[in-house]
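So the sequence shown is residues 0 to 288, counted in numbering that gives the first Met the number 0. By construction, the Cβ of each residue, glycine as well, lies at the ideal position given by its N, Cα and C atoms. Structure record follows, encoded as structure tokens.
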Amino acid sequence: MKKFALLVAALLMSSTQIHAETQTLKWVGCGIIKKAFMAAMAEAYEKKTGTKIKLEGGGATRGIRDVSAGTADIGGSCRHKILAPEEANSKLVPVGWDGIVVITHPSNPVKNITKDQLKGILVGKITNWKELGGPDLPIQLTAREGKISGVGRMIRELAFFDPETEFSKDAKVLKSSGPVEKFVEANPGAVAVTGISSGRKRKVNFLSLDGIEPSYENISKGTYPIHRPLYVVINKKPSPEVVKFVGFATGPEGQAVVKSQKTVTLKDGNALWASYREKMKQARQTGNF
Numbered sequence: 000m001k002k003f004a005l006l007v008a009a010l011l012m013s014s015t016q017i018h019a020e021t022q023t024l025k026w027v028g029c030g031i032i033k034k035a036f037m038a039a040m041a042e043a044y045e046k047k048t049g050t051k052i053k054l055e056g057g058g059a060t061r062g063i064r065d066v067s068a069g070t071a072d073i074g075g076s077c078r079h080k081i082l083a084p085e086e087a088n089s090k091l092v093p094v095g096w097d098g099i100v101v102i103t104h105p106s107n108p109v110k111n112i113t114k115d116q117l118k119g120i121l122v123g124k125i126t127n128w129k130e131l132g133g134p135d136l137p138i139q140l141t142a143r144e145g146k147i148s149g150v151g152r153m154i155r156e157l158a159f160f161d162p163e164t165e166f167s168k169d170a171k172v173l174k175s176s177g178p179v180e181k182f183v184e185a186n187p188g189a190v191a192v193t194g195i196s197s198g199r200k201r202k203v204n205f206l207s208l209d210g211i212e213p214s215y216e217n218i219s220k221g222t223y224p225i226h227r228p229l230y231v232v233i234n235k236k237p238s239p240e241v242v243k244f245v246g247f248a249t250g251p252e253g254q255a256v257v258k259s260q261k262t263v264t265l266k267d268g269n270a271l272w273a274s275y276r277e278k279m280k281q282a283r284q285t286g287n288f
């Protein structure tokens, strides 16, 4: 009897250890999503299920490719997949919507620009704030490195309909969106594009585009012109725990977390799909999709 009790105890201990090992999921990817709502989502999911989600950044491309390779359980991406073998084994599941916004230093008096003026800034044709009704101050464009980063890819497709557009050679190029946002916070002449989902947590100004503010209502209705889906990335053969998490993230509880962080939910942004797909159709004429 004593031997049987010891055997049961050993089995229970082994079972507990295996269970504990399966209760941690690794999430990697888009820093905008991580900052916007993923930290809150992970906390809510752990509280509900006991499953811990370890969060790492690395950008949208890492979010897709690590999951595709099987080195991460879940990813976050603020761009679609491209035709690359490194992304073939991944699947993207929408969880919300983001506006790509123009941010400036809090001291900058410029409040509104046109989409054409934005494009002029990005390619280096507009180089001084006085050209936009502001002070006689050089524009210091800063941008996320790479043409396939989340913001880098999507602003090229949504504003220029060309993913190969070259930005100004004078742009200050930084490794990820976090440093880009911090640079704008600290430099009066700086300007950048980023996702409002993370940018709103910085001390920066958001410019209106063609007189339209990037408010939750304007983004969700499509009045604000530059919007994109935010995705959870999963492997094409996900584990049961990953499937469970995706159900949480896209269900009522997860969507409540998204909205609590002021990111547009799937329901509120449902009408955006038509205009987004039309813009993607135009970009596909030159893009690597």
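Simplified DSSP state of residue i, which is helix, strand or coil
i      : result
Asp65  : helix
Lys90  : strand
Leu24  : strand
Gln33  : Residue identity differs from the one stated: residue 33 is Lys in this sequence, not Gln. Lys33: helix per DSSP, three-state reduction.
Leu54  : strand
Pro237 : coil
Ile73  : strand
Lys1   : With a pLDDT of 47 at Lys1, under the threshold of 50, the modelled position of this residue cannot be trusted, and the question is left open.
Ile99  : strand
Ala39  : helix
Spatial neighbours of residue i in its chain, beta-carbon cut-off 8 Å, leaving aside the 5 residues before and after
i      : result
Glu156 : Pro162, Lys278, Met279, Ala282, Gly286
Ala8   : Because Ala8 carries a pLDDT of 42, less than 50, the predicted location of this residue cannot be relied on, and the following value inherits that uncertainty. Here the set comprises nothing.
Val122 : Thr164, Glu165, Phe166, Ser167
Glu180 : Ile102, Ala191, Thr193, Ser197, Gly198, Arg201, Val203
Lys47  : Phe247, Glu252
Closest by C-alpha distance to residue i, when choosing among the options
i      : options                        : result
Ile32  : Asn269, Gln284, Ser89, Lys261  : Lys261
Gly302 : Arg276, Ala191, Val192         : The structure shown has nothing for residue 302, since the chain only spans 0 to 288.
Ile233 : Gly62, Lys51, Pro251, Gln22    : Gly62
Leu131 : Ile120, Thr141, Leu140         : Ile120
His226 : Cys77, Gly123, Ser148, Glu252  : Cys77
Leu82  : Pro251, Ser67, Leu208, Val92   : Ser67
Lys124 : Leu54, Gly69, Glu55, Ser167    : Ser167
Phe159 : Lys47, Gly145, Asp115          : Asp115
Pro84  : Arg64, Val100, Ile73           : Arg64
Asn292 : Glu86, Lys129, Thr141, Lys25   : Here the chain covers residues 0 to 288 and nothing more, so residue 292 does not appear.
Leu91  : Lys118, Arg201, Val245, Val122 : Val245
Leu54  : Pro178, Gly75, Ile147, His104  : Gly75
Thr113 : Asp209, Thr249, Pro237, Asp135 : Asp209
Trp26  : Leu271, Val231, Phe205         : Val231
Asp72  : Ala248, Ser238, Ser259         : Ser238
Glu86  : Val100, Ala59, Pro93           : Ala59
Thr249 : Ala170, Glu180, Gly95          : Gly95
Gly69  : Lys235, Ala41, Ala191          : Lys235
Val190 : Lys181, Gln139, Arg143, Ser219 : Gln139
Asp169 : Pro178, Glu144, Arg152         : Glu144
Leu229 : Thr103, Arg201, Leu271         : Leu271
Thr193 : Gly151, Lys202, Val172         : Gly151
Gly198 : Ser106, Gly268, Asp97, Leu117  : Asp97
Val101 : Glu184, Gly28, Leu265          : Glu184
Pro134 : Met153, Leu117, Asn88, Asn107  : Asn107
Gly56  : Asn88, Arg201, Val203, Pro178  : Pro178
Lys118 : Ile154, Phe182, Lys171         : Ile154
7 Å Cβ shell around residue i - same chain, five flanking residues per side excluded
i      : result
Pro137 : Thr126, Asn127, Gly188
Asn217 : Ile211, Tyr223
Lys51  : Gln22, Thr23, Glu45
Ser207 : Lys110, Asn111
Tyr215 : Lys261, Val263
Glu40  : For the sequence presented, residue 40 should be read as Met rather than Glu. Once the five neighbours on either side are set aside, the close Cβ partners of Met40 are Ala248, Gly253, Val256.
Ala37  : Note on residue identity: the sequence assigns Met, not Ala, to residue 37. Result list for Met37: Trp26, Leu54, Gly75, in chain order.
Ile147 : Thr60, Ile81
Gly149 : Cys29, Ile31, Gly58, Ala59, Ser76, Cys77, Arg78
One or two residues paired with residue i in a DSSP bridge
i      : result
Lys110 : Answer is none; Lys110 lacks a bridge partner.
Gln139 : Ala189
Asn269 : Looking at the DSSP assignment, Asn269 forms no beta bridge with any residue, so it has no partner.
Val245 : None; Val245 has no bridge partner.
Val329 : Because the chain is modelled from 0 through 288, residue 329 falls outside the range shown and cannot be assessed.
Val263 : Trp96
Spatial neighbours of residue i in its chain, beta-carbon cut-off 6 Å, leaving aside the 5 residues before and after
i      : result
Phe308 : Any answer about residue 308 is impossible in this case: the structure gives the chain only from 0 up to 288.
Ser274 : Gly221
Gln284 : none
Ser219 : Val263, Asp267, Gly268
Ile195 : Gly98, Val100, Pro213
Any non-hydrogen atom of the ligand FAD within 7 Å of residue i CB
i      : result
His226 : Judged by which ligands are present, the structure shown has none, so any question about the ligand FAD falls away.
task: Would you mind listing the alpha helix (DSSP H) stretches within the region 141-229 that are 4+ residues and don't spill past its ends, in chain order?
output: Whole alpha helix (DSSP H) segments, 4+ residues: 149-154, 176-185, 195-198, 215-220.
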